[in-house]
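K.L.:
Below is a structure I'd like to ask you about.
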Amino acid sequence: MTDILTPVLTKNWGDKKSWTLPAYERTGGYNALRKALTMTPDGVTTAVKDSGLRGRGGAGFPTGMKWSFVPKDNPNPKYLVVNGDESEPGTCKDIPLMLASPHTLVEGVIISSYAIGVHTAFIYIRGEVLHVVRRVQQAVAEAREAGYLGTDILGSGFDLEIIVHAGAGAYICGEETALLDSLEGRRGQPRLRPPFPAVAGLYASPTVINNVESIASVPSIIDRGTEWFGSMGTEKSKGFTIYSLSGHVANPGQFEAPLGITLRQLLELAGGVREGHQLKFFTPGGSSTPILTEEHLDLPLDYEGMAGAGSMLGTKALQIFDETTSVVRTTLRWVEFYKHESCGKCTPCREGTWWLVQMLRDFEAGTAKQGDIEKMLDLCDNIGGRSFCALADGAVACVTSAVKYFRSEFEAGYRTPAWELLPYELSARFSVPATTGAYV
Amino acid sequence: MSGHEFESHFPESGSVDMSDPTTDIDETTYAELRELAGRYPQPRSALLPMLHLVQSVDGRISPKGIEACAEVLGISTAQVSGVATFYTMYKRRPAGRHHVGVCTTALCAVMGGDVLLETASKHLGIGVDETTPDGRISLERIECNAACDFAPVMMVNWEFMDDMTPEKAVALLDDLRDGTEVRSTRGARLTSWREAERVLAGFPDGRADEGPSAGAPSLLGLRVAEDKGWAAPGDDKPHGNGVVGRVARTIVHAVQEVTGTTEDQEPNVATPASAPTKSAPTKSAPTKSPAAEKAPRQRRRSTRPEEGTAK
Chain A
10 MTDILTPVLT KNWGDKKSWT LPAYERTGGY NALRKALTMT PDGVTTAVKD
60 SGLRGRGGAG FPTGMKWSFV PKDNPNPKYL VVNGDESEPG TCKDIPLMLA
110 SPHTLVEGVI ISSYAIGVHT AFIYIRGEVL HVVRRVQQAV AEAREAGYLG
160 TDILGSGFDL EIIVHAGAGA YICGEETALL DSLEGRRGQP RLRPPFPAVA
210 GLYASPTVIN NVESIASVPS IIDRGTEWFG SMGTEKSKGF TIYSLSGHVA
260 NPGQFEAPLG ITLRQLLELA GGVREGHQLK FFTPGGSSTP ILTEEHLDLP
310 LDYEGMAGAG SMLGTKALQI FDETTSVVRT TLRWVEFYKH ESCGKCTPCR
360 EGTWWLVQML RDFEAGTAKQ GDIEKMLDLC DNIGGRSFCA LADGAVACVT
410 SAVKYFRSEF EAGYRTPAWE LLPYELSARF SVPATTGAYV
Chain B
23 MSGHEFESHF PESGSVDMSD PTTDIDETTY AELRELAGRY PQPRSALLPM
73 LHLVQSVDGR ISPKGIEACA EVLGISTAQV SGVATFYTMY KRRPAGRHHV
123 GVCTTALCAV MGGDVLLETA SKHLGIGVDE TTPDGRISLE RIECNAACDF
173 APVMMVNWEF MDDMTPEKAV ALLDDLRDGT EVRSTRGARL TSWREAERVL
223 AGFPDGRADE GPSAGAPSLL GLRVAEDKGW AAPGDDKPHG NGVVGRVART
273 IVHAVQEVTG TTEDQEPNVA TPASAPTKSA PTKSAPTKSP AAEKAPRQRR
323 RSTRPEEGTA K
């Protein structure tokens with residue numbers, strides 16, 4: 010039985026100058042790389058596959074299996090692209106990881122590149138996090154200086170360069186094929202699959218795209234073994250991961266635990282819902298994962314547990330909302346986000362999210378009409394699953410789940426403005442004047 | 023400076039402002055654009071960084087900047103414009119010396135982000151996507167910036183300003199206007215927006231070592247584990263007051279010193295189980311202030327101009 014919290018990735022975040030190479034090496038940093046270079050590339054891939062590591066960026070696809078899809082006989086160069094475009098509402102784990110310990114990621118990139126046979130890797134970081142970009146730029150420069158990057162790394166004959174690339178503000182670039190288009194210097198719009206990136210990705214060459222946390226988990230797996238990794242977590246959701254608690258919780262923050270911890274346990278560690286209030290609803294893994302309620306507090310927060318409840322583990326971004334929160338307002342603001350971030354390529358998403366916002370504004374203002382709930386759900390049916398990528402699915406998931414659990418609040422939108430039903434000022438973290446209408 | 027007259031509107035949609043040809047792009051800029059293009063296996067991959075560089079030189083995406091990128095990459099200006107107008111970080115009208123973002127995606131909005139935006143807008147006397155007439159500050163409504171455990175969040179030149187309140191926001195804006203040095207709560211001393219854009223383009227400014235490793239919420243789980251004696255399998259069990267814990271506390275305190283946060287962050291450095299919790303907001307609604315009445319609450323369509331063009 011493992012401990013309730015198991016800091017691995019977060020373990021050095023409080024160390025002095027934790028982002029620098031000397032600090033990272035003091036904690037055993039780059040030992041995993043040395044070990045990996047004594048293994049065969051296939052051996053590294055097998056270890057990651059056997060560990061059961063699944064993608065930490067939302068989809069939960071087995072990381073090692075993704076690597077093994079790269080065809081060995083393709084004559085083109087192979088590429089590894091790290092997805093650091095962390096933008097899913099509620100998600101805030103990769104940013105602190107890259108800020109506090111960028112070398113964990115860099116070491117992971119080198120080991121993963123060695124396994125896949127990559128000689129040019131990219132770390133694509135969203136542009137709106139200047140200091141994170143600085144830290145990762147510096148970590149890559151330090152690693153190159155120390156001989157962990159460049160030619161003949163540590164005398165192994167393996168060559169690798171890492172390019173740190175800042176995005177320019179587009180949630181959609183977190184979608185892996187849109188990210189590739191963006192990295193090719195184009196508008197970030199998703200591609201139709203097949204072909205999958207493993208076969209034809211960046212520059213139509215075999216490409217692996219992994220989330221920051223997934224890649225950052227690789228060094229510890231190589232260093233300490235698959236059995237150690239598998240001793241944490243559940244049967245199908247192995248290992249440790251970072252859970253992010255935010256919102257109406259006494260002490261929001263990052264918690265690294267074996268997969269399968271429950272929200273009840275996490276809330277207890279975070280001091281509970283803010284004083285004098287109760288949980289109303291939460292997202293298990295960002296706004297694209299259907300919301301859940303108090304009845305789901307004891308479900309394991311792993312891939313299967315969340316799927317079983319009709320939701321998804323997603324990015325493990327647990328946004329906590331208490332009883333003061335208007336579900337209608339929150340849903341509107343999420344859908345406004347998806348409307349703003351829709352890349353415009355697929356009509357159902359581009360037009361549909363615009364219409365959803367119009368309807369939800371009516372619900373918020375108390376001017377929706379009888380039958381609008383059904384109309385809105387019908388609209389959702391015509392958006393979800395009808396676009397190239399999952400943005401559209403995320404946009405409707407928050408709507409349909411909100412109606413499922415809080416239909417009466419939407420019905421109230423036939424008569425009563427949301428800010429009268431649940432005065433907005435009560436939800437704020439600080440004392441604010443009473444609300445008299447929707448905000449801008 | 024390009025000598026540009028600061029105009030105060032840069033809509034999300036529409037093209038780059040071709041009516042303003044001013045530019046500071048010179049041979050040095052061209053050389054740096056070529057250098058960026060040379061860093062990638064295929065030059066066009068450098069287009070996003072190149073556009074960041076254009077902004078750092080011209081304070082916006084300028085017609086000359088578009089031409090320069092097209093020339094260096096051997097693609098058409100239409101192809102460059104198509105990219106420049108897709109991404110929200112590229113500004114089509116001059117942004118201010120400092121570019122301020124207020125997160126109003128669901129969670130930050132609920133936690134007080136809406137009030138922060140309203141406060142900032144009123145204090146500066148400008149609306150969303152506008153720049154103050156003196157060119158010092160521009161204001162943007164931003165989407166989730168991956169700092170939800172620090173909500174509500176503001177950004178200045180894409181540096182974090184965590185755990186904001188209306189009072190802190192006003193003080194921050196005054197400091198930015200006066201030219202007082204400001205530190206990000208989890209980053210460096212603030213530069214200008216243009217200098218930030220240069221770093222994003224791929225030219226480091228040597229400030230990576232400024233600021234803390236992490237903010238207090240980022241370390242919360244680690245601290246709880248230390249206090250409880252929990253560890254990953256095979257790791258030494260920490261004692262309540264381990265070395266790591268002491269260092270973490272030092273950093274947390276350093277962060278608080280810098281940000282001026284105290285009471286409402288204390289629970290993060292105490293044992294959470296026994297820690298006092300943040301006080302709930304007052305249940306009795308304060309009387310409506312004249313300011314609240316004049317709040318720009320019904321300006322959705324005017325502040326989000328893309329809607330008009332989309333339909």
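Line order of the protein sequences matches chains A and B. Per our numbering, residue 10 is the first one in the first sequence, and the count goes up by one each step. Per our numbering, residue 23 is the first one in the second sequence, and the count goes up by one each step. Even glycine gets a Cβ: it sits at the ideal position worked out from N, Cα and C.
Within its chain, find whatever has a CB closer than 8 angstroms to the CB of MET241 (chain A); leave out the 5 residues flanking it on each side and keep chain order.
P.N.:
The sequence position of residue 241 (chain A) within the first sequence is 232, counting from 1. Closer than 8 angstroms at the Cβ level, and outside the excluded window around MET241 (chain A), lie THR11, THR15, LYS247, GLY248, PHE249, PRO267, LEU268.
K.L.:
I need the straight-line Cα distance from SER98 (chain B) to TYR423 (chain A), nearest angstrom please.
P.N.:
The residue you call residue 98 (chain B) lines up with position 76 of the second sequence. The residue you call residue 423 (chain A) lines up with position 414 of the first sequence. Using only the alpha carbons, I get a separation of about 51 angstroms.
K.L.:
For the beta strand (DSSP E) that CYS125 (chain B) lies in, which residues bound it at each end?
P.N.:
Translated into positions along the second sequence, residue 125 (chain B) becomes position 103. 120-125 is the extent of the beta strand (DSSP E) around CYS125 (chain B).
K.L.:
Taking the runs of the beta strand (DSSP E) that are 3 residues or longer, which of them lie wholly in the segment 71-127 of chain B?
P.N.:
120-125
K.L.:
In whole angstroms, give me the CA-to-CA distance for ASP234 (chain B) and VAL246 (chain B).
P.N.:
By one-based count along the second sequence, residue 234 (chain B) stands at place 212. By one-based count along the second sequence, residue 246 (chain B) stands at place 224. A small fix is needed here, since residue 234 (chain B) is Pro in this sequence, not Asp. In a straight line, the C-alpha of PRO234 (chain B) is about 19 angstroms away from that of VAL246 (chain B).
K.L.:
Using CA atoms only, rank isn't needed, just tell me which of A:GLU151, A:ALA187, A:PRO203, A:THR356 is closest to ARG196 (chain A).
P.N.:
The residue labelled residue 196 (chain A) in the question sits at position 187 within the first sequence. Comparing Cα-Cα distances from ARG196 (chain A) to each of A:GLU151, A:ALA187, A:PRO203, A:THR356, the minimum goes to A:ALA187.
K.L.:
Quick check: the Cα distance between GLY64 (chain A) and GLY73 (chain A), rounded to an integer number of angstroms?
P.N.:
Walking along the first sequence from the start, residue 64 (chain A) turns up at place 55. Walking along the first sequence from the start, residue 73 (chain A) turns up at place 64. Each residue's alpha carbon lies about 9 angstroms from the other.
K.L.:
Looking at chain B, is there any beta carbon in it that lies within less than 8 angstroms of the beta carbon of GLY241 (chain A)?
P.N.:
As a position in the first sequence, residue 241 (chain A) is number 232, starting the count at 1. The question names Gly, but residue 241 (chain A) is Met in the sequence shown. Taking Cβ atoms only, chain B reaches closer than 8 angstroms to MET241 (chain A), which makes this a yes.
K.L.:
Smallest Cα separation from ALA131 (chain B): which of A:SER335, A:LYS354, A:ASN391, A:GLU418?
P.N.:
As a first step, residue 131 (chain B) must be located in the second sequence, where it is residue number 109. With distances taken between Cα atoms, ALA131 (chain B) lies closest to A:SER335.
K.L.:
Are the Cβ atoms of ASP103 (chain A) and GLU95 (chain A) separated by less than 8 angstroms?
P.N.:
Position 94 of the first sequence, counting from 1, holds the residue named residue 103 (chain A). Position 86 of the first sequence, counting from 1, holds the residue named residue 95 (chain A). Going by C-beta atoms, ASP103 (chain A) is nearer than 8 angstroms to GLU95 (chain A).
K.L.:
GLN146 (chain A): buried (16+ other C-beta within 10 angstroms of its C-beta) or exposed?
P.N.:
For the purposes of this step, residue 146 (chain A) is identified with residue 137 of the first sequence, where counting begins at 1. By the 10 Å Cβ count, GLN146 (chain A) comes out buried.
K.L.:
What does THR187 (chain B) reach in chain A if we use C-beta pairs closer than 7 angstroms?
P.N.:
Reading the second sequence from its first residue, position 165 is the one you call residue 187 (chain B). Result: PHE439.
K.L.:
Out of A:ARG438, A:SER417, A:LEU431, point me to the one whose CA is closest to ARG338 (chain A)'s CA.
P.N.:
Within the first sequence, numbered from 1, the residue matching residue 338 (chain A) stands at position 329. Checking every option, the nearest Cα to that of ARG338 (chain A) belongs to A:LEU431.
K.L.:
Is the shortest distance between the beta-carbon of LYS20 (chain A) and the beta-carbons of chain B less than 8 angstroms?
P.N.:
In the first sequence, the residue the question calls residue 20 (chain A) occupies position 11. Cβ-Cβ to chain B under 8 angstroms: yes for LYS20 (chain A).
K.L.:
Rounding to the nearest angstrom, what Cα-Cα distance links ASP286 (chain B) and ARG283 (chain A) in this structure?
P.N.:
The residue you call residue 286 (chain B) lines up with position 264 of the second sequence. The residue you call residue 283 (chain A) lines up with position 274 of the first sequence. Its pLDDT being 38, under 50, ASP286 (chain B) is placed unreliably in this model, and the value from its coordinates should be taken loosely. Spanning the two alpha carbons is a distance of roughly 12 angstroms.
K.L.:
Taking the CB atoms as reference points, tell me whether SER296 (chain A) and TRP363 (chain A) lie closer together than 8 angstroms.
P.N.:
Taking the first sequence and counting its residues from 1, one reaches residue 296 (chain A) at position 287. Taking the first sequence and counting its residues from 1, one reaches residue 363 (chain A) at position 354. No, these two residues do not count as a Cβ contact at 8 angstroms.
K.L.:
Could you tell me the distance, in whole angstroms, from the CA atom of GLY234 (chain A) to the CA atom of ALA45 (chain A)?
P.N.:
Here residue 234 (chain A) refers to the residue found at position 225 of the first sequence. Here residue 45 (chain A) refers to the residue found at position 36 of the first sequence. Taking the straight line joining both Cα atoms gives about 11 angstroms.
K.L.:
Hey, would you say TRP76 (chain A) sits closer than 8 angstroms to ILE125 (chain A), going by beta carbons?
P.N.:
For the purposes of this step, residue 76 (chain A) is taken as the residue at position 67 of the first sequence. For the purposes of this step, residue 125 (chain A) is taken as the residue at position 116 of the first sequence. Contact: yes.
K.L.:
Given ILE270 (chain A), which residues of its chain have a CB within under 6 angstroms of its CB, disregarding the five upstream and five downstream residues?
P.N.:
To locate residue 270 (chain A), count along the first sequence from 1; it is residue 261. The residues are LEU310.
K.L.:
Check distances from the C-beta atoms of the segment 153-172 of chain B to those of chain A and list, in chain order, the residues that come in under 9 angstroms.
P.N.:
ARG163, ILE164, GLU165, CYS166, ASN167, ALA168, ALA169, CYS170, ASP171, PHE172
K.L.:
CA-CA distance, HIS261 (chain B) and ALA253 (chain B)?
P.N.:
Counting from one through the second sequence, the residue named residue 261 (chain B) turns up at place 239. Counting from one through the second sequence, the residue named residue 253 (chain B) turns up at place 231. If I take the Cα positions, the gap works out to 10 angstroms.
K.L.:
Taking Cβ positions, are THR82 (chain B) and PRO116 (chain B) nearer each other than 8 angstroms?
P.N.:
Within the second sequence, the letter at position 60 stands for residue 82 (chain B). Within the second sequence, the letter at position 94 stands for residue 116 (chain B). At residue 82 (chain B) the sequence reads Arg, which differs from the Thr that was named. Yes. Within cutoff.
K.L.:
Listed from N- to C-terminal order along the chain, which residues in the segment 53-74 of chain B have their beta-carbon within a distance smaller than 9 angstroms of any beta-carbon of chain A?
P.N.:
ARG61, TYR62, PRO63, GLN64, PRO65, ARG66, SER67, ALA68, LEU69, LEU70, PRO71, MET72, LEU73, HIS74
K.L.:
Where does THR340 (chain A) sit, in a helix, a strand or coil, going by DSSP?
P.N.:
In the first sequence, the residue the question calls residue 340 (chain A) occupies position 331. THR340 (chain A): helix per DSSP, three-state reduction.
K.L.:
So the alpha helix (DSSP H) ALA411 (chain A) belongs to, where does it begin and stop?
P.N.:
In the first sequence, counting from the first residue as 1, residue 411 (chain A) sits at position 402. It spans 400-421 - the alpha helix (DSSP H) in which ALA411 (chain A) sits, taken as one unbroken run.
K.L.:
Compare the C-alpha of SER160 (chain B) against each of B:MET176, B:ALA169, B:GLY251 and name the closest.
P.N.:
Sequence index remark: in the second sequence, residue 160 (chain B) carries index 138 (1-based). Comparing alpha-carbon positions, the option among B:MET176, B:ALA169, B:GLY251 lying closest to SER160 (chain B) turns out to be B:MET176.
K.L.:
Below 8 angstroms on C-beta distance, what does ILE382 (chain A) contact in chain B?
P.N.:
As a working note, residue 382 (chain A) is residue 373 in the first sequence. The premise fails here: ILE382 (chain A) is roughly 20 angstroms from chain B at the closest Cβ pair, so nothing lies under 8 angstroms.
K.L.:
From the DSSP secondary-structure annotation, give me the bridge partner or partners of SER253 (chain A).
P.N.:
In the first sequence, the residue the question calls residue 253 (chain A) occupies position 244. In DSSP, SER253 (chain A) forms a bridge with A:GLN263, A:ALA326.
K.L.:
In whole angstroms, what separates the C-alpha of VAL9 (chain B) from that of ASP185 (chain B)?
P.N.:
Beyond the ends of chain B as shown, which are 23 and 333, falls residue 9 (chain B); an answer cannot be given.
K.L.:
According to DSSP, is ASN92 (chain A) part of a helix, a strand, or is it coil?
P.N.:
Indexing the first sequence from 1 puts residue 92 (chain A) at position 83. Three-state DSSP puts ASN92 (chain A) in a strand.
K.L.:
Assuming contact is defined by CB atoms lying nearer than 8 angstroms, are GLU222 (chain A) and LEU18 (chain A) in contact in what I supplied?
P.N.:
Locating residue 222 (chain A) in the first sequence gives position 213, where the first residue counts as 1. Locating residue 18 (chain A) in the first sequence gives position 9, where the first residue counts as 1. Contact flag set, yes.
K.L.:
Given a cut-off of 8 angstroms, decide if MET40 (chain B) and LEU58 (chain B) are closer than it, judged by their beta-carbon atoms.
P.N.:
Position 36 of the second sequence, counted from the first residue, corresponds to residue 58 (chain B). Position 18 of the second sequence, counted from the first residue, corresponds to residue 40 (chain B). Cβ distance not < 8 angstroms, so LEU58 (chain B) and MET40 (chain B) don't count as in contact.
K.L.:
Can you find a CB in chain B that lies within less than 8 angstroms of the CB of VAL149 (chain A)?
P.N.:
Sequence index remark: in the first sequence, residue 149 (chain A) carries index 140 (1-based). VAL149 (chain A) does not count as touching chain B.
K.L.:
For TYR62 (chain B) versus ALA68 (chain B), is the C-beta spacing smaller than 8 angstroms?
P.N.:
The sequence position of residue 62 (chain B) within the second sequence is 40, counting from 1. The sequence position of residue 68 (chain B) within the second sequence is 46, counting from 1. A contact, by the Cβ cut-off of 8 angstroms.
K.L.:
Could you work out which residues of chain A lie near MET176 (chain B), taking near to mean beta carbons separated by less than 8 angstroms?
P.N.:
Position 154 of the second sequence, counted from the first residue, corresponds to residue 176 (chain B). The premise fails here: MET176 (chain B) is roughly 12 angstroms from chain A at the closest Cβ pair, so nothing lies under 8 angstroms.
K.L.:
Closer than 7 angstroms by beta-carbon distance: list the chain B residues that pair up with TRP76 (chain A), in chain order.
P.N.:
Against the first sequence, residue 76 (chain A) aligns to sequence position 67. Residues of chain B passing the Cβ test: none, with the nearest at roughly 20 angstroms.
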